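Its first residue numbered 3, the sequence shown is counted upward by one per residue in the working numbering.
By construction, the Cβ of each residue, glycine as well, lies at the ideal position given by its N, Cα and C atoms.
Nothing here was measured: the structure is a model prediction, and the numbers come from that model.
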Amino acid sequence: MVIFQYFYFEYLINLYQFYYLIHSCESIRTIPCDYALCCMFLPGDHLVLIGCKNGSLQIASLDSASIVETVQGHEENQSVWTMCMTPDRQSFLSGGSDKKIQFWNFELKDEKDDNSKKVRKRLSFEQKRSFDIGEDVLALKITPNNRYFVAALMDTTVKVFFMDSCQMFLSLYGHSQPVLCLDISSDSRLVITGSSDRNIKIWGLDFGDCHRSLFAHDDTITAIQFVPKTHLFFSVSKDNRLKYWDADKFLHIQTLDGHCGEIRCMSITNNGMHIVTAAHDRSIRLWERTEEPLILDEEKEQEREAQFENEMENDEFILPGETNKEIGLATLKTIESLKGAESIIESLDIWREEKLKLAEHETTQKALGKEIPSPPPHIMLQALGSGYTAERFVLESLRKISASDLEATLLLLPFDYVQKLLSLLIYYLDRFQSPELCIKCAVFLIKIHHGVLTSSHQYLNIVEQLRTHCIDTVEKLRNNVGFNLAGLKLIQRQIEEQNDVILFADATQKLTSNETKKKRKKGKSSATILTIKGTSALA
């Protein structure tokens, strides 16, 4: 039995037509209905029972491809999440968001044929009893021995009740999120539960003990089912994978990939030879059991290789000019970086002081209307010699810092000093002083303080000036490099042309020289081969 639901339509494939499905892979019936959440075949395999979002239960006929009966099985606008049939196929249970489990019995109902006007029997159902469980019912299963029924509730617990009295037998708890699917083994000994916490738990039905908890998938587990008459089971999830498990040895046997969307439902044939899955990629996939022996070690090795390849694909490549994002700046302060930061701060303070002196001097001159002697420079500038300006002092402080410590040093500067340094970098770039160093400092400081610099018009003006000067400076550097390269190539060609003539003349003279001179020189010097434009000269 395979059921594929997509929005307001149900695609139903009958058991006796399963062979047809394998060979044709075509839809047999398309039946319009209300918003369907669950469904199952009724005895005889000609009718389908559908649980809807509005709380109704609908019977659809595969022969006429129409809805033949609608019953309000649960409270109105309360979803019917799950249904399950008893092993004797005489009744079924339904559960939903109205926090009730409804018990239904099948019955034969008289129905009049519109065409022949004959009365015939049609399968229907009637409510037997109702059981208020106190929580939304997400999944239901009845044990094959018809002794218990198991309900998965919204409060993350799974409860086991006696079928006849509805008295609670066991409470299975351990999942951190609601259980969305469950199944019971054919011998009524094991219960498996799948939850949105991505775990599968295997429980013993005798005492309610948890045999093992398996971290099964990378996303919510949507369906789980035992292979008939075995303790092997399959699970599907929103991670697009179908997985094969052993509930006795707690082993992951195999992972089957193929879907490219969330797998929502799954069904296994009675002989366990075929599995059908339906996913959000709007595809139904048919899986067939093969006779090829399965070696767990090889499967694990293939899974590890696939995981490694996936990690390699997801790794971010390091492009030229970019740094690896996993590698950050060093956070530990070194002595060199501290000394460099102190020297830059000291030089910027001197530059600021000298700038204020000059501004005050100009103001005084304007007030007096005559020239007055300039104030003496800072004592540090006097010690370095006459003509040593404050701007040059700051630039020399930057030059003294090693390339390996430059970024760590700039990282230690307070923001007010960063603003001063950026203003000075504009001054240096305008005069083409140490352009490579200035551009490197400007780019790094703007990258580090990008948020603050772009939040104020005052700082944006500085950034815009730096951008303009950096573009002009790089263009000048490119022109200089191109000019120098062209000059070097010209000199190279001139040297090659001169050497061609000289070496060729020398070779001619040596060919006409006396053999005695050759013999004398032969012992004094070793032979050397010179290759020039395809001409070989032996000296």
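Could you check the C-alpha separation between residue i and residue j for me, to the nearest Å?
i: G389; j: P378; result: 12 Å
i: R243; j: R31; result: 27 Å
i: S188; j: K120; result: 42 Å
i: K491; j: K357; result: 47 Å
i: S345; j: F217; result: 57 Å
i: L14; j: S29; result: Any reading at L14 needs caution, since the residue's pLDDT is 38, under 50, leaving its predicted position unreliable; the model's value is listed next. Distance between the alpha carbons of L14 and S29: 8 Å.
i: L64; j: E71; result: 13 Å
i: L487; j: Q496; result: 14 Å
i: F11; j: P34; result: Note that F11 has pLDDT 30, beneath the 50 cutoff, so the model's placement of it is unreliable and no number is given.
i: F506; j: E498; result: With a pLDDT of 38 at F506, under the threshold of 50, the predicted position of this residue should be treated as unreliable, though the coordinate-derived value follows. If I take the Cα positions, the gap works out to 12 Å.
i: A38; j: N148; result: 27 Å
i: A529; j: N501; result: Unreliable positioning characterises A529 in this predicted model, as indicated by a pLDDT of 38, which lies under 50. The coordinate reading is nonetheless provided below. Rounded to whole angstroms, A529 to N501 spans 19 Å at the Cα level.
i: F228; j: G453; result: 57 Å
i: D36; j: Q74; result: 12 Å
i: I534; j: E311; result: With a pLDDT of 31 at I534, under the threshold of 50, the predicted position of this residue should be treated as unreliable, and no value is reported.
i: F395; j: Q367; result: 26 Å
i: P437; j: F446; result: 14 Å
i: I550; j: Q309; result: Outside the shown range of the chain (3 to 541) lies residue 550, about which nothing can therefore be said.
i: T271; j: L192; result: 20 Å
i: T158; j: D100; result: 17 Å
i: P230; j: D248; result: 13 Å
i: K302; j: H254; result: 9 Å
i: K123; j: Q304; result: 56 Å
i: A410; j: S339; result: 6 Å
i: A385; j: T391; result: 12 Å
i: C86; j: W289; result: 24 Å
i: D508; j: Q494; result: Model confidence at D508 stands at a pLDDT of 46, short of 50, so the residue's coordinates are unreliable and nothing is read from them.
Under 8 Å, do residue i and residue j count as touching if we go by C-beta distance?
i: D221; j: S239; result: yes
i: D185; j: I226; result: yes
i: R266; j: A281; result: yes
i: T84; j: I144; result: no
i: A444; j: L462; result: no
i: T343; j: L414; result: One point to set straight first is that residue 343 is Ala, not Thr, in the sequence displayed. In contact: A343 and L414 (Cβ atoms closer than 8 Å).
i: I202; j: S237; result: yes
i: D241; j: H276; result: no
i: G53; j: Q80; result: no
i: W205; j: L182; result: no
i: F127; j: E113; result: no
i: V465; j: I441; result: no
i: E393; j: L426; result: yes
i: L408; j: L350; result: no
i: H471; j: I403; result: no
i: V50; j: C41; result: yes
i: L142; j: F133; result: no
i: L140; j: A154; result: yes
i: F163; j: M170; result: yes
i: P45; j: L125; result: yes
i: Q104; j: S96; result: yes
i: L431; j: T475; result: yes
i: T257; j: K245; result: yes
Starting from residue i, trace the beta strand (DSSP E) in both directions and tell me its first and last residue.
i: G98; result: 93-98
i: V542; result: This structure does not reach residue 542, given that the chain is present from 3 up to 541, and the question cannot be answered.
i: A405; result: From DSSP, A405 is part of no beta strand (DSSP E) but of the alpha helix (DSSP H) over 405-413.
i: Y37; result: Per DSSP, Y37 belongs to no beta strand (DSSP E) and is neither H nor E.
i: Q129; result: 121-134
i: Y150; result: 150-155
i: E137; result: From DSSP, E137 is part of no beta strand (DSSP E); its letter is neither H nor E.
i: E113; result: 102-114
i: G53; result: 49-54
i: M170; result: 170-174
What residue range is occupied by the uninterrupted alpha helix (DSSP H) comprising residue i?
i: R433; result: Segment: none, R433 is in no alpha helix (DSSP H) and carries neither H nor E.
i: F395; result: 392-401
i: R354; result: 337-370
i: G453; result: 452-455
i: L383; result: 381-386
Sort out for me which residues DSSP pairs residue i with in a bridge.
i: W205; result: V193, C212
i: M87; result: F94
i: S237; result: I226, K245
i: E77; result: Answer is none; E77 lacks a bridge partner.
i: T72; result: Q60
i: I144; result: F151
i: D185; result: I194
i: L258; result: L244
i: V82; result: G98
i: K161; result: A153, S173
i: L253; result: D248
Does the beta carbon of residue i sit closer than 8 Å to a beta carbon anywhere in chain C?
i: T88; result: The chain labelled as chain C is not found in the depicted structure, where only one protein chain is given.
Only counting runs of 4 or more residues, tell me where the alpha helix (DSSP H) segments fall wholly within the stretch 260-325, in order along the chain. 298-316, all fully within the stretch 260-325.
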